[in-house]
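Participant: Supplied in structure tokens, the structure appears directly below.
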Amino acid sequence: MYDPQKLHPISYVTSLINVIKNNFIVIIIFLFNIKDFKYDDFYSYLWPGIMTLIFLITFFYNIFKVYNTRYWIENNHFILTTGVLNKERKELNISRIQSVDTTEGFVNQIVGGVELIIKTPSDGIELSTISKKQSKLIESEIKNIQQELNATHQAEVNVDSEKDENEDNESLKNVPTKSIFKMSFKQLLFMAMTSGAIGITLITLSPIVGSFSDIIPWEKLGGELSYVLKSTFFIIIAIVVVVLIMSYIIGTCLAFIRYYGYKVTQQGHQLKIQYGLFTKKNVTVPTNRLQGVLEHQSYLRRLFGYTSIHFYITSDVVTSAETSDVNGRIMILPFIKRQQAYEVIQSLVPEMRFNTAHTGMPLRGFHRHFLIPSLILIIASFIGWYFWSTWSFVIAGLLIILLIIRAILYVRYSGYYLENEEIVIQKASLLNMKRFYFKLNKVIGMEIRQHPLLERKHLANFKFIIAKGFENKKIGLKYTDVSKVNEFKEWYMRGDTHE
Numbered sequence: 001m002y003d004p005q006k007l008h009p010i011s012y013v014t015s016l017i018n019v020i021k022n023n024f025i026v027i028i029i030f031l032f033n034i035k036d037f038k039y040d041d042f043y044s045y046l047w048p049g050i051m052t053l054i055f056l057i058t059f060f061y062n063i064f065k066v067y068n069t070r071y072w073i074e075n076n077h078f079i080l081t082t083g084v085l086n087k088e089r090k091e092l093n094i095s096r097i098q099s100v101d102t103t104e105g106f107v108n109q110i111v112g113g114v115e116l117i118i119k120t121p122s123d124g125i126e127l128s129t130i131s132k133k134q135s136k137l138i139e140s141e142i143k144n145i146q147q148e149l150n151a152t153h154q155a156e157v158n159v160d161s162e163k164d165e166n167e168d169n170e171s172l173k174n175v176p177t178k179s180i181f182k183m184s185f186k187q188l189l190f191m192a193m194t195s196g197a198i199g200i201t202l203i204t205l206s207p208i209v210g211s212f213s214d215i216i217p218w219e220k221l222g223g224e225l226s227y228v229l230k231s232t233f234f235i236i237i238a239i240v241v242v243v244l245i246m247s248y249i250i251g252t253c254l255a256f257i258r259y260y261g262y263k264v265t266q267q268g269h270q271l272k273i274q275y276g277l278f279t280k281k282n283v284t285v286p287t288n289r290l291q292g293v294l295e296h297q298s299y300l301r302r303l304f305g306y307t308s309i310h311f312y313i314t315s316d317v318v319t320s321a322e323t324s325d326v327n328g329r330i331m332i333l334p335f336i337k338r339q340q341a342y343e344v345i346q347s348l349v350p351e352m353r354f355n356t357a358h359t360g361m362p363l364r365g366f367h368r369h370f371l372i373p374s375l376i377l378i379i380a381s382f383i384g385w386y387f388w389s390t391w392s393f394v395i396a397g398l399l400i401i402l403l404i405i406r407a408i409l410y411v412r413y414s415g416y417y418l419e420n421e422e423i424v425i426q427k428a429s430l431l432n433m434k435r436f437y438f439k440l441n442k443v444i445g446m447e448i449r450q451h452p453l454l455e456r457k458h459l460a461n462f463k464f465i466i467a468k469g470f471e472n473k474k475i476g477l478k479y480t481d482v483s484k485v486n487e488f489k490e491w492y493m494r495g496d497t498h499e
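Encoded structure:
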């Protein structure tokens, strides 16, 4: 590890796969239009030639980049050099490294390679493909060096911030690994079936469907179906039903494959998360970097008593491996009974109490959730009626009904609870319920907004700001009683305790 190392040879294959993936839509369109290709026309070769040239340039650029990439350890730094025309050199101080994550794609599982992501509080390094043996050696060597640095500087540590930094570097060699959560096959299947599979599939397939829109013989298909069903209306209904059913089935399969074998283990202050069938991921979560806890519960899962738990942490780094759902937000428990979930996170975060929020928002703010959007929709429906059809009124009416339902849910189920140094904010939306838990010492800012109309009704909007990854997360509620907002402001400004 102290001599420059090359990437795994499979990196060349993954480079080709990435180039194909980035140009997938263009390739598909070209293949389906090849039947109209005029072989005797010179200009017919122009567009395919340009696309082929771009493809080859991109491919060989990635090949040379992989060939020139080197990594090694030197003077307590992890060093990476890469580049084609301009050489780039990145150095990470090993004492600052907080996690080493790996991702195994389907091809990597066959050849024994992994993608390695090394994270620090402000930066990170991603190695596209190295061998499993190399990844284990790197992780082991980093831990050994951190242990030595920790022992060397332990006597010099005098302030809390330095202590926190050294906690990241403590050795995990002799710390036993404890199993926290393992998803059973039954749980996984149930989770996949209640995971919003239709939305997942439509988002995944919509670009592909759009590229095929000019190829599919809609008129011929409509003619054949109308011969059977004798009605355009029933054709539309049948197509919608089939698309929704297929989307649900495909989306369920995608969720099942993605979270297959999900398990969480704890080793010291670090959580190790492993999941995936074709793409195996290993994610490290430093719990001492925890900023807040989120419970995300859809109404469908609420009927069965299930929920999911996410952690907000600092010092994440954006990588192409997508180890977290969103930057700084990491799913810890994807599908678990709510009571069991709080037993688990209470043991992981014993300093927090996870109180129940007092629900119910002021009724005088109810109409403000839908009044202005409804007026805009009504105006748009008149424009649609003039240029299109009276169906625009039906669509606008349905959207307004959804806005009113969302307002009812928000006013009825949103709420908060403040006790000592901890606050919980519960926020209800049209599809799910979110509960945010965080402590006063994690709040880095507060926003309060109030225009004259809200001031007259003694209402205000507030947001607390906590760290999330290398960005911020704003958590708050709309149309809250101004006396409560002032109480939250006093809590934030002075650090007073409240019962």
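With UniProt numbering as the guide, the letters of the sequence shown map in order to residues 1 to 499.
For every residue, glycine included, the Cβ atom is placed at its ideal position computed from N, Cα and C.
Report buried or exposed for Lys178, applying the criterion of at least 16 other Cβ atoms within 10 angstroms of its Cβ.
Facilitator: As a first step, residue 178 must be located in the sequence shown, where it is residue number 178. Lys178 should be labelled exposed.
Participant: Measuring straight from C-alpha to C-alpha, what distance separates Ile94 and Ile118?
Facilitator: Here the question's residue 94 lines up with position 94 in the sequence shown. Here the question's residue 118 lines up with position 118 in the sequence shown. Approximately 10 Å between the Cα atoms of the pair.
Participant: Could you tell me whether the Cβ atoms of Asn327 and Gly469 are closer together than 7 Å?
Facilitator: Here residue 327 refers to the residue found at position 327 of the sequence shown. Here residue 469 refers to the residue found at position 469 of the sequence shown. Contact: yes.
Participant: Let me know the secondary structure DSSP gives Tyr479 once reduced to three states.
Facilitator: Taking the sequence shown and counting its residues from 1, the one referred to as residue 479 is at position 479. The answer is strand: DSSP assigns Tyr479 an E or B state.
Participant: Taking all protein chains shown into account, do 16 or more other C-beta atoms lie within 10 angstroms of the C-beta of Glu490, making it buried, or fewer, making it exposed?
Facilitator: The count along the sequence shown starts at 1 and reaches residue 490 at position 490. Classification of Glu490: exposed, given that the 10 Å Cβ count is below 16.
Participant: In the DSSP assignment, the alpha helix (DSSP H) including residue 502 goes from what residue to what residue?
Facilitator: Since the first and last residues shown for the chain are 1 and 499, residue 502 lies out of range.
Participant: Three-state secondary structure (DSSP) at His8?
Facilitator: Here residue 8 corresponds to residue number 8 of the sequence shown, with the count starting at 1. The answer is coil: DSSP assigns His8 none of H, G, I, E or B.
Participant: Need the endpoints of the alpha helix (DSSP H) that Lys65 sits in, please.
Facilitator: Indexing the sequence shown from 1 puts residue 65 at position 65. Start and end: 46-68.
Participant: Can you name the start and end residues of the beta strand (DSSP E) that Met191 belongs to?
Facilitator: Locating residue 191 in the sequence shown gives position 191, where the first residue counts as 1. Run containing Met191: none in the beta strand (DSSP E); it sits in the alpha helix (DSSP H), 185-193.
Participant: Could you tell me the alpha carbon to alpha carbon distance between residue 507 and Gln98, rounded to whole angstroms?
Facilitator: This structure cannot speak to residue 507, because the chain is shown only from 1 to 499.
Participant: According to DSSP, is Leu431 part of a helix, a strand, or is it coil?
Facilitator: Taking the sequence shown and counting its residues from 1, one reaches residue 431 at position 431. DSSP places Leu431 in coil when its eight states are reduced to three.
Participant: Near Met361, which residues of its chain fall below 6 Å by C-beta distance, leaving aside the five closest residues on each side in sequence?
Facilitator: Locating residue 361 in the sequence shown gives position 361, where the first residue counts as 1. The answer, listed in chain order, is Val411, Ser414.
Participant: Please list, in chain order, all residues of the same chain as Asn23 whose beta carbon is under 7 Å from its beta carbon, the five residues on each side excluded.
Facilitator: By one-based count along the sequence shown, residue 23 stands at place 23. Counting only Cβ-Cβ distances below 7 Å, and skipping sequence neighbours, we find Phe55.
Participant: Using only alpha-carbon positions, find the residue among Val443, Lys337, Ser135 that is nearest to Gly305.
Facilitator: As a first step, residue 305 must be located in the sequence shown, where it is residue number 305. The candidate whose alpha carbon is nearest that of Gly305 is Lys337.
Participant: On the DSSP letters alone, give me the boundaries of the beta strand (DSSP E) that Ser131 sits inside.
Facilitator: On the sequence shown, residue 131 is found 131 positions in, with the first residue counted as 1. Residues 124-131.
Participant: Which runs of the alpha helix (DSSP H) at least 4 residues long sit entirely within the stretch 237-269? Give them in chain order.
Facilitator: The qualifying runs do not exist here; there are none.
Participant: Tell me, please, whether the stretch 445-456 touches the stretch 425-435 by the rule of three or more beta-carbon pairs shorter than 8 Å.
Facilitator: They do not touch, by the three-pair rule.
Participant: What residues in its chain sit with their C-beta under 7 Å from that of Trp72, if we drop five residues either side in the sequence?
Facilitator: Indexing the sequence shown from 1 puts residue 72 at position 72. Closer than 7 Å at the Cβ level, and outside the excluded window around Trp72, lie Met1, Tyr2, Asp3, Pro4, Gln5, Ile79.
Participant: Where does the unbroken beta strand (DSSP E) through Gln340 begin, and where does it stop?
Facilitator: Within the sequence shown, residue 340 is the residue found at index 340, counting from 1. Where Gln340 is concerned, there is no enclosing beta strand (DSSP E), although the alpha helix (DSSP H) it sits in stretches over 338-348.
Participant: Could you give the first and the last residue of the continuous alpha helix (DSSP H) run that contains Val285?
Facilitator: Taking the first residue of the sequence shown as position 1, residue 285 is located at position 285. Unbroken run through Val285 is the beta strand (DSSP E), 280-286; no alpha helix (DSSP H).
Participant: Suppose the cutoff is 8 Å on Cβ atoms and the five residues either side in sequence are ignored; what does the same chain contact list for Pro176 look like?
Facilitator: Stepping through the sequence shown from its first residue, residue 176 is reached at position 176. Closer than 8 Å at the Cβ level, and outside the excluded window around Pro176, lie Gln267.
Participant: What is the DSSP secondary structure of Thr152, counted as helix, strand or coil?
Facilitator: Numbered from 1 along the sequence shown, position 152 holds the residue referred to as residue 152. In the structure shown, Thr152 sits in a helix (DSSP, three-state: H, G or I).
Participant: Within the continuous beta strand (DSSP E) that includes Leu459, where are the two ends?
Facilitator: Position 459 of the sequence shown, counted from the start, is the residue given in the question as residue 459. Counting along the chain, the beta strand (DSSP E) containing Leu459 begins and ends at 459-468.
Participant: Pull up the distance between the alpha-carbon of Gly292 and that of Tyr43, whole angstroms please.
Facilitator: The residue given as residue 292 occupies position 292 in the sequence shown. The residue given as residue 43 occupies position 43 in the sequence shown. Those two C-alpha atoms are separated by around 60 Å.
Participant: Which stretch, first to last residue, makes up the beta strand (DSSP E) that contains Asn327?
Facilitator: Here residue 327 is taken as the residue at index 327 of the sequence shown, counted from 1. Asn327 -> no beta strand (DSSP E), and no H or E assigned at all.
Participant: Checking 7 Å against the spacing of the C-beta atoms, do His8 and Thr129 come in under that value?
Facilitator: Within the sequence shown, the letter at position 8 stands for residue 8. Within the sequence shown, the letter at position 129 stands for residue 129. Yes, they are a contact pair.
Participant: Taking the beta carbon of Ser389 as the centre, do at least 16 other beta carbons fall within 10 Å, making it buried, or is it exposed?
Facilitator: For the purposes of this step, residue 389 is taken as the residue at position 389 of the sequence shown. Classification of Ser389: exposed, given that the 10 Å Cβ count is below 16.
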